[in-house]
Amino acid sequence: DRTGLRDAVNMLVSKRGLIYSDAYHFIHQRFNVQSIEDLRKEQLPQAVEYVHRLCLEGELIIDEPKKAEDMIQIPADIFSAIMH
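Numbering (the working numbering), first residue to last: 4 to 87.
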């Protein structure tokens with residue numbers, strides 16, 4: 004389910020004044036996919052985090068992908084509540 008990612012993109016569009024195609028382009032470029040539907044299930048939390056970081060920092064963030072053992076999964080609604 005990509006609802007959390009779509010919600011994050013909606014927030015990015017509203018906070019940064021982007022158009023949707025540009026917002027999705029950031030995700031496509033960062034994860035090397037043609038569509039968010041091409042993201043693997045395990046990439047979805049990373050993509051949501053990436054978009055939230057764009058919202059908070061307002062710039063394209065390029066860093067090395069995290070290792071699986073360095074990551075925790077937080078549901079998007081809880082992450083959103085924490086960040087507000």
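Glycine is no exception: its CB is placed at the ideal position from the N, C-alpha and C atoms.
Nearest-angstrom beta carbon gap, residue j and residue i [assumed within contact, 8 Å]
i     : j     : result
Leu42 : Ala50 : 6 Å
Ala79 : Asp10 : 6 Å
Boundaries of the alpha helix (DSSP H) in which residue i is found, first to last residue
i     : result
Arg19 : 6-19
Val51 : 47-60
Gln32 : 23-34
Reference residue i; option with closest CA among the options
i     : options             : result
Phe34 : Tyr53, Ala11, Gln76 : Tyr53
Arg19 : Leu8, His55, Pro48  : His55
Asp4  : Ser24, Glu45, Leu59 : Glu45
CB contact flag (residue i, residue j, <8 Å)
i     : j     : result
His28 : Gln37 : no
Ile39 : Leu59 : no
Residues of its chain near residue i, where Cβ-Cβ distance is below 6 Å and the 5 sequence neighbours each way are ignored
i     : result
Ala26 : Val12, Leu15, Val16
Beta-carbon contacts of residue i that lie in its chain and below 8 Å, excluding the five residues immediately before and after
i     : result
Gln76 : Pro48
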